[in-house]
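I have placed the structure first, in the form of structure tokens, so that the comments after it can refer back to it.
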Amino acid sequence: MNPVEQAVVWLNDPLNWTNPGGILDRLGEHVSMSAAAVLLGCLVAWPLGLWLGHVGRGGGLVVLVSNLTLAVPTLALLTILPLTFLGFGRPAVVIALAVFAVPPLLANAYTGVRQVDPQTREAARGMGMTGMQVLRRVELPLAVPYLAAGFRTAAVQVVATAALATFVNGGGLGEIIRFGFGLSIAVGGGQILAGGLLVAGLALTAELLFALVERLVTPRPLRRVRRRAGRRAADAVTGS
4 MNPVEQAVVW
14 LNDPLNWTNP
24 GGILDRLGEH
34 VSMSAAAVLL
44 GCLVAWPLGL
54 WLGHVGRGGG
64 LVVLVSNLTL
74 AVPTLALLTI
84 LPLTFLGFGR
94 PAVVIALAVF
104 AVPPLLANAY
114 TGVRQVDPQT
124 REAARGMGMT
134 GMQVLRRVEL
144 PLAVPYLAAG
154 FRTAAVQVVA
164 TAALATFVNG
174 GGLGEIIRFG
184 FGLSIAVGGG
194 QILAGGLLVA
204 GLALTAELLF
214 ALVERLVTPR
224 PLRRVRRRAG
234 RRAADAVTGS
């Protein structure tokens, strides 16, 4: 059998799903550590991005932090952090993935606040609102679609990257791929392909789910504005 046929057979074996360390166990590990990493990234990036956007300063800092975190390979963090007090296992993986989640969360939080119409801010201040009230009652609600977009991007990236957790005993669907490589290609090729399909399928599911959430939290007038902005950006890229 070729690897595709082997993968189909492997995925259709009920024992590969229900046995200890099977697909369901690895899927639970993968989802739990991805969720923990994205939530940790939100706790760090959202307050910072919202505050910097509110005060109108720190755009350079946002770009710098985003570039620095993107420049550090996740695999490098996954190999460095286990050598600290965190040790090998889930905590090091969650922190490494959280660092990877920060750039889209931070950038979208900052952009979401900065795109609020200045006249809206002035009207809120004219009503006697304090700075924190303006942020909480005016800027934050209007920034929700941008927060959702950043969350969507971060979640998909983390889910896809979490497969690397297997290198530091972090578990997840990457374990299926690693065990396949432990066999010969003739024997384990189907398992390797099956693991890759599972990771890709989970990332695609996250993309579709959070795309729906993003659409639901974006008011209809803003959807049209963002579509037009997206078309203008695409035209600028293509030069048309």
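Count along the sequence shown from 1, add 3, and you get the number used in our numbering. The beta carbon of each residue, even a glycine, is placed where N, CA and C say it ideally should be. None of the values given here were measured: they were computed from a predicted structure.
Whose C-beta lies closer than 6 Å to the C-beta of Gly52 among residues of the same chain, with five residues either side of it excluded?
Within the sequence shown, numbered from 1, the residue matching residue 52 stands at position 49. Correct list, in chain order: Leu109, Ala112 and Tyr113.
By DSSP, does Gly153 sit in helix, in strand, or in coil?
Here residue 153 refers to the residue found at position 150 of the sequence shown. Gly153 falls in the helix class under three-state DSSP.
With distance defined between alpha-carbon atoms, name the residue in Ser69, Leu64 and Gly92 nearest to Gly175.
Translated into positions along the sequence shown, residue 175 becomes position 172. Nearest C-alpha to Gly175: Gly92.
When DSSP labels each residue in this structure, what does Leu89 get in the three-state scheme?
Taking the first residue of the sequence shown as position 1, residue 89 is located at position 86. Leu89: coil per DSSP, three-state reduction.
With distance defined between alpha-carbon atoms, name the residue in Val137, Gly115 and Gln118 nearest to Arg124.
Sequence index remark: in the sequence shown, residue 124 carries index 121 (1-based). With distances taken between Cα atoms, Arg124 lies closest to Val137.
Are Leu84 and Ala95 closer than 8 Å when you measure CB to CB?
As a working mapping, residue 84 is identified with position 81 in the sequence shown. As a working mapping, residue 95 is identified with position 92 in the sequence shown. Yes.
Looking at C-alpha atoms only, which residue of Ala197, Gly183 and Leu207 is the closest neighbour of Gly305?
Residue 305 lies beyond the residue range present for the chain, which begins at 4 and ends at 243; the question has no answer from this structure.
Taking only three categories from DSSP, how would you classify Gln118?
As a working note, residue 118 is residue 115 in the sequence shown. The answer is coil: DSSP assigns Gln118 none of H, G, I, E or B.
Are any of the Cβ atoms in chain C nearer than 8 Å to that of Thr123?
No chain C is present in this structure, which holds just one protein chain.
Is Ala157 near Pro76, with beta carbons less than 8 Å apart?
By 1-based counting over the sequence shown, the position of residue 157 is 154. By 1-based counting over the sequence shown, the position of residue 76 is 73. Not a contact, by the Cβ cut-off of 8 Å.
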